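To start, the structure under review is shown below, and the notes come after it.
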Amino acid sequence: MAIFLDTGKIEDVEMYMRMGVIRGVTTNPTILLKSGITGGKAMIKQTSVEIAHIISPYPLSVEVTTNDPLKMVEQAREYAQWAKNIIVKITVHGPQGELENFEVVHQLETKYDIRVNLTAMMSAQQCLLGALAGATYVSLFGGRVNNMGYNCVEEIRKARKVLDDQHLQAKIIVGSTREVLNVIEWLEAGAHIVTVVPELLRGMIVHPYSKETVQMFLEDAKKAEEKLKT
Ligand code: E4P
345 MAIFLDTGKI EDVEMYMRMG VIRGVTTNPT ILLKSGITGG KAMIKQTSVE
395 IAHIISPYPL SVEVTTNDPL KMVEQAREYA QWAKNIIVKI TVHGPQGELE
445 NFEVVHQLET KYDIRVNLTA MMSAQQCLLG ALAGATYVSL FGGRVNNMGY
495 NCVEEIRKAR KVLDDQHLQA KIIVGSTREV LNVIEWLEAG AHIVTVVPEL
545 LRGMIVHPYS KETVQMFLED AKKAEEKLKT
């Protein structure tokens, strides 16, 4: 079981690495944009290389920016040169349901020895096929599944069971976190990894009652120290 950080913000990656709580980082074009990373491929490369270095040997997922099969392979091969711990993210299919993405995944894993995170998946059946195609990671978007009116916990359970039953090596990453509660709940359901946005990770640690308790300790420590002086 592990927690990854779902961000492109270097300061957050550094902070949670110093705290020792994360075991990898995931990004996608939307996350990079939200993290303030603009400037095209040069900036994606610069940010990715920096994050990969900070978290090494833990994995960093970087997503291709095209759905053209040849270009996906070309980009994936380029990303894989940036750092040893880069995992290439490929979406499960194209925006119109184009199926070539699976061929790309299979080719990258088997012909080019490049680790792939097959992403944007909403169901256990997609995860199973991704694992069969050879993806190292299969990413299920828990929050989006729930937003569609399904319970992603069921999909996680089914995906984990079928992968274990068939001795498939792919690791399930559940992303698209929306609430603090998601993390433990999804890990308990069978996710190998939950990738969490920084705000939620903070929310997992900081508790109002813990704050109050710490405040009490500090005030009483002060009083006790003052009494010792008299
Ligand atoms: C995970 O790998 C994805 O990058 C991410 O969690 C998607 O989250 P969203 O549904 O908030 O866009």
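Taking the working numbering, the leading residue of the sequence shown gets 345, the next gets one more, and so forth.
From the three backbone atoms N, C-alpha and C, an ideal C-beta is built for every residue, glycine too.
In this text, all values refer to a predicted model and were calculated from it rather than measured experimentally.
Practice item. Provide the residue(s) that pair with Phe-348 in DSSP beta bridges, ordered along the chain. Key: Thr-539
Point to revise | Local conformation of Leu-443 per DSSP, three classes | key: coil
Review point. Ile-398 and Val-357 look like a contact to me (Cβ under 8 Å); what is the Cβ gap, rounded to whole Å?
Key: 6 Å
Check your understanding: So does Asn-526 have its beta carbon nearer than 7 Å to some heavy atom of the ligand E4P?
Key -> no
Exercise for review: Taking only the alpha-carbon atoms, compute the straight-line gap between Lys-385 and Glu-569 and give it to the nearest angstrom.
Suggested key: Distance between the alpha carbons of Lys-385 and Glu-569 is about 58 Å.
**Study point:** Heavy atom of the ligand E4P within 7 Å of Phe-485 beta-carbon
**Key:** yes
Practice item. Confirm, please, whether the CB-CB distance from Ile-537 to Ile-517 is below 8 Å. Key: Result yes, Cβ atoms of Ile-517 and Ile-537 sit closer than 8 Å.
Practice item. Would you please state the rounded distance, in angstroms, between the beta carbons of Ala-464 and Phe-485? I believe it to be under 8 Å. Key: 6 Å
Practice item. Decide yes or no for the touch test of the segment 449-463 against the segment 488-505: beta carbon pairs closer than 8 Å, at least 3 of them. Key: Using a C-beta cut-off of 8 Å, the segment 449-463 makes no contact with the segment 488-505, since fewer than three inter-stretch Cβ pairs fall below that distance.
Review point. Taking the alpha helix (DSSP H) that Ser-554 falls in, what are its first and last residues?
Key: 552-573
**Study point:** Buried versus exposed call for Asn-491 [16 or more other C-beta atoms within 10 Å across all chains shown]
**Key:** exposed
Point to revise | Simplified DSSP assignment, three categories, for Gly-438 | key: coil
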